[in-house]
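Protein sequence lines, in the order shown, are assigned to chains A and B.
Quick note on numbering that gives the first Met the number 0: the first sequence kicks off at 0 and runs consecutively.
Quick note on numbering that gives the first Met the number 0: the second sequence kicks off at 0 and runs consecutively.
No residue lacks a Cβ here, since even glycine has one placed at the ideal position from N, Cα and C.
What follows is a set of notes on a single structure, which appears directly below.
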Amino acid sequence: MNRLPLPGEAPGTTPVPGFLRRLGCRPLRFTTLLLAAMVLLPLLIVMAGWLQVEAEIWQHLSETVLPELVHNTVVLLLGVGAGVFVLGTSLAWLVTAYEFPGRKWLEWLLMLPLAMPAYVLAFVLISLLDFAGPVQGALHVLTADLSWFPQIRSPGGVIIVMSLALYPYVYLLARSAFLSQGRNALEAGRVLGLGPVASFLRVALPMARPAVVAGVALALMETLADFGAVSVFNYDTFTTAIYKAWYGLFSLPAAAQIASILLLFVALALFAERSARGKARYETGRSRPAQRKQLMGRRAWLAAGFCWLVLIPAFLAPSAQLLVWVVETVHVELDAKYLSLLENTLLFGAIAAALTLLASLILVLTLRQRDEPVTRTAVRIATLGYALPGSVLAVGSMIAFVAIDRRVSDWVLQLTGEQIGLLLSGSAFALIFTYVVRFLAVAHGAVDSAFERVRPSYSEAARGLGARDFEIVRRVILPLLRPGMVTALLLVLVEVMKEMPATLLLRPFGGDTLAVRIYELTSEGEWERAALPSLTLVLAGLLPVLLLVRRTTRDPQ
Amino acid sequence: MHRSVVTRGPRFGFLLLAGSVLAVSMSACSGKEEAQTAVDHNKDVVVYSARAEHLIKPLFTQYMQETGAKITWLTDKEGPLLERIKAEGDRTPADLFMTVDAGNLWKAADEGVLQSADSQALDAAVPEAYRDSEGRWYGLSLRSRTLVYNTNKVKPEELSSYAGLADPQWKGRLCLRTSKKVYNQSLVALMIQRFGEAKTEEIVRGWVANLAVPPFSNDTKAMQAVAEGVCDVTLVNTYYFGRLQKKSPDLPLAIAWPGQAEDGTGVHMNVSGAGIVKHADNAAGARALLEWLASPAAQAKFAGLNMEFPVRADVALDPVVARWGSFKADTLRVADAGRLQPQAVMLMDRAGWK
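Shown next, in the form of structure tokens:
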């Protein structure tokens with residue numbers, strides 16, 4: 000299967016066929032450096048917020064707001080980290096090591112929550128579980144006193160919802176790691192007297208550490224970048240504080256300062272990921288895949304029950320609730336406006352996906368042509384975008400593009416006397432730019448791992464059979480790359496469709512998308528009406544997930 | 000219920016009179032001033048609006064049909080829109096900036112992105128408390144932020160003032176929306192204007208101490224909590240109450256108007272409004288649109304679409320709104336809500352209002 004990408008991950012270095020190496024090296028190298036600069040530009044601008052510190056506001060922030068933000072963020076990271084770790088690894092272990100009723104279905108059903116944006120899951124689960132919701136309503140029939148019912152709008156509630164939305168990252172990676180471990184190590188453990196729990200904790204889990212750490216890190220990046228879900232919960236984190244400083248305190252510099260502290264957390268998370276993953280590489284050999292152990296009776300039902308216990312609140316119940324709302328509201332919501340939103344969403348997604356794919360191909364080719372420290376660092380920086388919250392990137396790019404626009408239009412005015420207005424920031428350009436920067440890592444991961452399959456020997460063999468360069472690309476290399484490229488396109492398309500904070504900030508005239516609509520409706524409490532755009536996003540999100548499912552079930556390694 | 004009249008402070012009758020006098024005198028204006036208001040309807044009026052699209056589009060459509068003018072608009076949150084106008088500077092395509100909340104309007108004027116409309120018609124139509132003293136923005140509709148209570152658990156007499164909700168008798172009985180919402184920020188800002196910072200902080204701390212559950216992300220959910228009996232009373236904008244009532248008319252909820260005593264503060268009012276952008280290409284078009292929006296014909300629709308109160312008192316209320324009864328409105332200038340907003344935000348942070 001295609002590995003999920005990790006920001007700033009050390010890129011692969013399998014050399015490309017000789018003639019690709021002869022391709023113009025300088026333009027590729029230049030483009031790679033440019034891509035790195037594209038990521039750095041908004042970052043530096045955000046950092047520049049420190050150049051104008053407003054003393055009174057800063058004092059207030061540091062005394063009253065920051066301690067709470069740091070506390071909330073640490074609680075959230077620890078909670079979600081633990082949540083996705085426990086859910087992801089235990090579910091992956093159950094479906095790979097045991098056989099129980101429904102296991103075959105659950106194995107791929109458990110990937111579906113990947114299609115549910117965290118902010119959608121948040122408002123649907125709150126409405127299901129809060130006091131006015133159907134769950135408490137049903138309980139009311141049984142008992143009058145519901146004071147024992149836990150408050151869903153609480154730190155615990157945010158942690159549970161985010162864990163349910165993000166555990167698939169860990170599940171996917173841990174599952175393929177467990178599958179590739181083979182039978183030998185586990186059998187050795189069993190011979191040495193390890194029970195089932197001990198062999199999971201002491202053999203399988205340590206061997207899967209790099210994959211698990213990578214999954215948890217991805218989930219934590221998403222947590223740090225989340226804006227939609229925490230706003231629904233009214234749980235204050237850095238992303239909500241950025242908006243509050245901007246709108247409430249009227250201070251964009253203060254917003255930029257908070258954003259840069261958020262970046263510090265991102266850097267810490269990246270660093271922790273690097274060191275936790277360690278240098279260890281486990282030789283798993285080519286041993287036979289492990290036999291699943293058949294669970295019987297109560298244990299089998301417990302295992303299946305646990306999987307459903309996660310799947311129902313993470314995907315099935317919310318989808319059902321969305322569907323009910325869609326049926327109730329479709330006659331008002333399904334109008335020309337919805338169609339134009341859908342069109343915008345798909346258009347932005349398609350353009351961004353194509354450009355991102357192109358950019359990631361360039362990154363991969365550059366490094367495989369010549370692996371030098373400069374380009375290596377540039378690729379690392381260029382794929383950092385995934386770790387950067389959309390709101391941070393958006394503020395940075397907006398300031399940058401408006402400045403560029405003003406220069407350019409001044410210049411054109413001097414040269415020609417024409418007023419050209421704001422070309423970049425006033426159009427979709429700034430938004431598409433931000434999408435590319437933010438999701439380059441997503442495409443890069445997929446393309447990079449596809450390139451692993453292009454062995455130089457293939458093209459040499461083809462050449463030996465008399466094929467020319469063009470034919471080699473068309474008949475050997477492209478077919479090998481195609482699955483990775485399709486995955487990259489789909490993943491970026493869906494990420495762009497879901498993207499909320501940057502879209503809110505940078506969309507051009509008439510450029511509303513489904514995510515924008517969801518934000519508008521949920522922030523006014525019109526949750527039922529947000530169901531149609533939400534369900535659309537979920538369905539779109541299912542596309543890459545189903546592709547992933549098909550590929551993983553066909554080729555378990 | 001009896002037919003009700005909304006009174007909005009003592010100055011209003013006088014203003015109305017002054018307005019009609021001005022309107023009459025304006026109709027006899029000299030040619031020079033007519034030139035100033037000459038409108039070229041072939042030129043687009045570009046509106047940046049933080050007021051939701053479905054609330055402005057019907058009016059714009061009507062205006063375009065009536066006058067043949069063209070309007071293009073962009074809706075977004077007020078922060079990005081303002082930042083965009085600022086960044087675009089003298090290249091901005093925007094002619095009219097339309098937003099909700101006095102704080103946002105004040106901020107736009109303070110940042111220097113708006114120009115004086117210099118329109119006697121607007122000065123006459125919009126009461127002084129609901130516009131900028133220099134004519135850089137005008138309120139176009141009013142929303143009161145008032146109390147909604149559970150009719151099974153509270154008697155309306157108990158709800159005499161905003162400050163009263165800080166009383167320990169409301170412990171565990173109050174629900175609030177997040178302090179991140181600008182409506183709460185404006186409310187607290189005007190409390191600072193009236194009571195001073197220390198007293199306001201005491202009141203807000205009292206509210207926070209009385210909360211039954213953590214603050215909600217929107218007014219509707221807070222009202223539903225009151226209906227469910229999670230708490231007994233909450234603070235909301237009236238049109239949210241109207242929307243909820245329309246959807247579920249049987250909820251045990253009702254509106255109470257605080258501050259109605261002889262020496263009471265009156266009900267906190269906020270505005271949605273608009274101002275002409277400083278570097279507008281089509282300032283004349285924007286002015287004409289703004290004047291039309293403040294005209295009696297447009298006012299009823301502008302307010303009615305969102306179950307708000309028209310900014311002019313000579314316009315009939317939406318029947319749903321009229322049913323909520325008459326009340327005394329606060330007469331503080333809403334512009335001060337903007338000036339004091341950062342102070343209010345910091346105060347709410349200190350008081351622990353999430």
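For A:G395, the uninterrupted alpha helix (DSSP H) run begins and ends at G389 to T415, by DSSP. Nearest Cα to B:G171 within the set B:Y182, B:A162 and B:V212: B:V212. About 20 Å separates the beta carbon of B:S271 from that of B:S115, a gap too long to meet the 8 Å contact definition. As a beta-bridge residue in DSSP terms, B:G272 pairs with B:T98 and B:G138. When rounded, the separation of the alpha-carbon atoms in A:L261 and A:L113 is 25 Å. Not flagged as an interface residue toward chain B: A:K103, since no C-beta distance is shorter than 7 Å.
In the DSSP assignment, B:V235 falls within the beta strand (DSSP E) that extends over V232 to N236. Contact check for A:V265 against A:A386 passes: the beta carbons are separated by less than 7 Å.
Measuring C-alpha to C-alpha distances from B:G228 to each of B:L346, B:N149, B:L73 and B:A312 identifies B:N149 as the nearest. For A:A335, the closest C-alpha among the options A:S126, A:D511 and A:I380 is that of A:D511. Any Cβ of chain A closer than 7 Å to the Cβ of B:Q184 would place that residue at the interface, and such an atom is present. A contact between stretches requires three or more CB pairs, one per stretch, nearer than 8 Å, and the stretch 387-394 of chain A meets this requirement with the stretch 232-251 of chain A.
At a cut-off of 7 Å between beta-carbon atoms, A:W107 makes no contact with chain B. Judged by DSSP in its simplified three-state form, B:A253 adopts strand.
DSSP, reduced to helix, strand and coil, places B:D329 outside both helices and strands of the structure shown, so it counts as coil. In the displayed model, B:P309 falls within a strand according to three-state DSSP.
Approximately 6 Å separates the beta-carbon atoms of B:L58 and B:A297; this is inside 8 Å, confirming the contact. If you ignore the 5 residues before and after B:I191, its C-beta comes within less than 8 Å of the C-beta of T199, L339, Q342, A343 and L346, all in its own chain and listed in chain order.
Chain A places a beta carbon closer than 7 Å to that of B:G78, counting this residue as a contact.
According to the DSSP assignment, B:T74 belongs to the beta strand (DSSP E) that extends over K69 to T74. A:A96 and B:L81 have their C-alpha atoms some 57 Å from each other.
Of all residues in the stretch 225-236 of chain A, the ones placed with a Cβ closer than 9 Å to any Cβ belonging to chain B are S230, V231, F232, N233, Y234 and D235, in chain order. By alpha-carbon distance to B:A226, the top candidate from B:A208, B:N236 and B:P248 is B:P248. If the five residues before and after B:W72 are omitted, its C-beta is found closer than 6 Å to the C-beta atoms of V46 and S48, all from its own chain and listed in chain order. Residues of the same chain with a CB within less than 8 Å of the CB of A:L310, apart from the 5 flanking positions on each side, are L105, L108, L109, L111 and P112 in chain order. Chain A places no beta carbon closer than 7 Å to that of B:P251, leaving this residue out of the contacts. For A:T63, the closest Cβ of chain B is nearer than 7 Å. Around the CB of A:F270, fewer than 16 other CB atoms lie within 10 Å, so the residue is classed as exposed. Taking the CA atoms as reference points, A:A299 sits about 32 Å from A:Q150. Nearest in C-alpha terms to A:V119, of all of A:L545, A:P543, A:F508 and A:E498, is A:E498.
The alpha helix (DSSP H) runs lying completely inside the stretch 446-511 of chain A and spanning 4 residues or more are 455-463, 468-471, 477-497 and 500-505, given in chain order. Under the DSSP assignment, B:D122 falls in the alpha helix (DSSP H) whose first and last residues are Q119 to A124. Neighbourhood of A:Y118 in chain B, by CB distance below 7 Å: empty, with the nearest CB roughly 11 Å away.
Per the DSSP secondary-structure output, A:Y385 pairs with nothing in a beta bridge. In the DSSP annotation of this structure, B:V212 is not part of any beta strand (DSSP E), being labelled neither H nor E.
The three-state reading of DSSP puts B:H278 in coil, since its state is none of H, G, I, E or B.
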